[in-house]
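In case it helps, our numbering puts the sequence shown at residues 1440 to 1899.
Yeah, the Cβ is synthetic: ideal placement off N, Cα and C, and Gly gets one too.
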Amino acid sequence: MTDYNEADLQQKAKDHLWMHFARQSVMEDGHGVPIIVKGEGHHIWDSKGKKYFDGLSGLFVVNAGHGRKRLAEVAAKQAEELAFFPIWSYAHPNAIELADRLAGYAPGDLNRVFFSTGGGEAVETAFKLAKYYWKLQGRPTKHKVISRAVAYHGTPQGALAITGIPAMKEMFEPITPGGFRVPNTNYYRAQEMGFEGSIEQFGQWAANRIEEMILFEGPETVAAVFLEPVQNSGGCFPPPPGYFQRVREICDQYDVLLVADEVITGFGRIGNMFASTTYGFVPDMITCAKGMTSGYSPIGATIVSEKVYEPFKHGTTAFYHGYTFGGHPVSSAVALANLDIFEEEKLNENVRENSPLFRAALERLTDLPIVGDVRGDGYFFGIELVKDKATRTTFDDDESERLLRGFLSKALFDAGLYCRADDRGDPVIQLAPPLTIGPAEFDEIEGILRGVLTEAWTRL
Ligand SMILES: Cc1ncc(COP(=O)(O)O)c(C=O)c1O
C-alpha cells in the first residue's frame, strides 16, 4: 500500500478541500477528516492503515466490490485508445454498446438511452424531457412534477425541486417551480400519516395520494411522477405489494409519465438490473447511475420508452440538452466490463438468494430497545432508531444531533463499520454493502451494530 503523510494531507485538506454535504468545521476543530486510501472486496483502509467493512458500497456505488483490476485495466486501455469524444452528433463504440446493453436490461420498451455523468443529471434530464415531451404533444401546460416526502433526487435545481427534503432546499429558494409532494411508503409511520390498515391497503392508500395530488393540481398541469422503487432517504421504504401497479394505473389514466429513479436501486441492489423488474412495473423512464460502473468511473443514464422517444425520431425536433462527459468512452467501457462481472459472477442471483438471510441477521437487532424497525429489500436495509419502541417515539433534534453526529457515526466507524447514520427523516442507519458478500459478513455487520447500538442506548 502506498505510504501517505497523514499530517500533510490533513493540513492540505483543511486549507483547500471543501467536502460535500459536510460540516467544514471538523477540519478546524482538530479532528480532521477520515482519509480513505485503498479498497479490496468489501473492505476499505484509511491512511493510518486501519481496515473497515464497507457497509455502504462507498455511497451505494461499489456494487461489484473494490479493487477489481479488470475494471482498472479496461479503463486504462480505453483511455489509451480513445480517451474522450463527445456524443454530441458523434458516437463511439462503447456508448453504443452500453446503450444497447442497458436497453436490453430495462423493462418493457425502454429502449432509448440518454447518457449523463451522474444521477442528479439523469433526473434533471428526465424532468426536462417530460416537460418537452408534453409540449411536443400540444399540451404545454403539463409541466409539474410529483414526488414523495423525504425523497432525495439530487442537487441540480430541477432535481432539487423533485427532492422532498425541505431542509436541503430552503437555502437555495427559489428553486425550479412545479414540484409537489405526496406521502411516501413508510408503513412503520403510516398511522402518523392518518392511515390504519394492512400493508396492502396502505399501498393503495399511498398510491391514491398521487391521484389526489394530480386532481388537486389538475391533470392538464402534471407532467410526471418521480419515484424510487425503494426510497432511500428516510431509511429504506420498499413499495407495499400492489403500490406500483396502482401508480401505473393512475399515471395512465391521467396521462402522467412515471419515472423510476433507480440511481440507487439499479444494478443489483434489489437483485435485478432494475428494481422496476423486481416490483413488476414498467415506467416511462428510468434514471440510473452509481452501480453501473461500480464507481470505477462516473456515468449516469436516462432510459426512455418508445412512446417518449417517438417525437424525436422525426424532422427537425432535437433534445437540446447534454453533458460534455455524458457517455464518456472510459466510463462506458468500464460499465460494460462491470456488467460482464455481474453476469459471470451472478451477483443478482447472489442478492436474491441471500437477501432473506441479511434481513434475518439485521432483524435479530430488534431485541435492542433502541431498534424500532428494520426494513428494506435486496442488499439495501435501513434500521430505524427510536427512543420508545412501544410508542415509536423518535428523538428530538438535540437528541438526534447527540446520538447520530455526536456518537453513532464515529462509534460505528471506530468499530470498523463504514455505513451511514442519517436523520433526513427519522434517525436511521443505512446499509448497502457490496453485492459480493454473504451470510458470514451479515453476522459480522450485525455483531458490530449490536455492540455500538447497545452502547448508544446507555448514553441517551
Ligand atoms: C435516488 C437518487 N437520485 C439521484 C441522486 C443523485 O445522484 P448524483 O449524486 O450522482 O448526482 C441520488 C444520489 O444519491 C439518489 O440516491
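Item: So if DSSP puts residue 1739 in a beta bridge, which residue, or which two residues, is it bridged to?; Value: 1555
Item: Let's see if you can read the secondary structure: which residues bound the alpha helix (DSSP H) around residue 1797?; Value: 1786-1802
Item: Can you give me the C-alpha to C-alpha distance between residue 1644 and residue 1531, rounded to a whole angstrom?; Value: 47 Å
Item: Reducing DSSP to helix, strand and coil, say where residue 1476 ends up.; Value: strand
Item: Which runs of the beta strand (DSSP E) at least 3 residues long sit entirely within the region 1729-1779? Give them in chain order.; Value: 1739-1744
Item: Could you pull out every residue in the same chain whose Cβ sits closer than 8 Å to the Cβ of residue 1471, ignoring the five residues on either side in sequence?; Value: 1449, 1452, 1453, 1465
Item: Mind the definition here: the region 1571-1583 touches the region 1595-1614 only if three or more C-beta pairs lie below 8 Å; say whether that holds.; Value: no
Item: Please work out which residues of its chain come closer than 6 Å, Cβ to Cβ, to residue 1671, disregarding the five sequence neighbours upstream and downstream, and give them in chain order.; Value: 1703
Item: Among 1456, 1458, 1486, which one has its Cα closest to the Cα of residue 1441?; Value: 1486
Item: On the premise that residue 1733 lies in contact with residue 1770, defined as a C-beta separation below 8 Å, what is that separation, rounded to the nearest angstrom?; Value: Residue 1770 to residue 1733, Cβ: 11 Å. No contact.
Item: Tell me which residues share the same chain as residue 1848 and place their Cβ nearer than 6 Å to its Cβ, disregarding the 5 neighbours each side in the sequence.; Value: 1860
Item: Taking the alpha-carbon of residue 1598 as reference, which of 1868, 1546, 1569 has the nearest alpha-carbon?; Value: 1569
Item: Grouping DSSP H, G and I as helix and E and B as strand, with all else coil, what is residue 1879?; Value: helix
Item: Spatial neighbours of residue 1906 within its chain, please: C-beta separation below 8 Å, excluding the five flanking residues on both sides.; Value: Only positions 1440 to 1899 of the chain appear in this structure, which leaves residue 1906 out of reach.
Item: For residue 1910 and residue 1509, which I take to be in contact (beta-carbon distance under 8 Å), what is that distance rounded to the nearest angstrom?; Value: The shown model of the chain, from 1440 to 1899, leaves out residue 1910, and the question about it has no answer.
Item: Note down, one range per segment and in chain order, each beta strand (DSSP E) of at least 3 residues found wholly within the region 1653-1721.; Value: 1661-1666, 1696-1700
Item: For residue 1516, count neighbouring Cβ atoms within 10 angstroms of its own Cβ and tell me buried if that reaches 16, exposed if not.; Value: exposed
Item: Here's a check: name, in chain order, each residue in its chain whose Cβ is nearer than 6 Å to the Cβ of residue 1601, leaving out the five neighbours to either side.; Value: 1584, 1586, 1592, 1618, 1665
Item: Under a Cβ-count criterion, where at least 16 other Cβ atoms within 10 Å of its own Cβ denotes burial, should residue 1869 be classed as buried or exposed?; Value: buried
Item: Which residues in the same chain have their Cβ closer than 7 Å to the Cβ of residue 1832, if we skip the five residues on either side of it in sequence?; Value: 1825, 1826
Item: Check whether the Cβ of residue 1702 lies closer than 6 Å to any heavy atom of ligand 1, and answer yes or no.; Value: yes
Item: Can you give me the C-alpha to C-alpha distance between residue 1416 and residue 1840, rounded to a whole angstrom?; Value: It is not possible to answer for residue 1416, since the shown part of the chain is limited to 1440 through 1899.
Item: Would a C-beta distance cut-off of 7 Å place residue 1495 and residue 1871 closer than the cut-off?; Value: yes
Item: Please determine whether the Cβ atom of residue 1793 lies at a distance below 6 Å from any heavy atom of ligand 1.; Value: no
Item: How would you label residue 1862, buried or exposed, when you count the other beta carbons within 10 angstroms and need 16 or more for buried?; Value: buried
Item: Please determine, among 1899, 1654, 1558, 1705, the residue with the shortest C-alpha to C-alpha distance to residue 1546.; Value: 1705
Item: Closest by CA to residue 1579, which one among 1506, 1888, 1635, 1662?; Value: 1662
Item: Could you compute how far the alpha carbon of residue 1503 sits from the alpha carbon of residue 1554?; Value: 21 Å
Item: Please name the residue, chosen from 1621, 1527, 1563, 1582, that lies closest to residue 1594 on a Cα-to-Cα basis.; Value: 1563
Item: In three-state terms, what does DSSP make of residue 1548?; Value: coil
Item: Given a cut-off of 7 Å on the beta-carbon distance, is the pair residue 1498 and residue 1742 in contact?; Value: no
Item: Return the CA-CA distance between residue 1724 and residue 1700, expressed in angstroms with no decimal places.; Value: 8 Å
Item: Does the beta carbon of residue 1843 come closer than 7 Å to any beta carbon on chain D?; Value: Among the protein chains of the structure shown there is no chain D, as only one such chain exists.
Item: Quick check on residue 1618: does DSSP put it in helix, strand or coil?; Value: strand
Item: With a cut-off of 8 Å on the beta carbons, I'd call residue 1887 and residue 1845 a contact; round off their distance for me.; Value: Not confirmed; about 19 Å, so no contact.
Item: Heavy atom of ligand 1 less than 6 Å from the Cβ of residue 1467, yes or no?; Value: no
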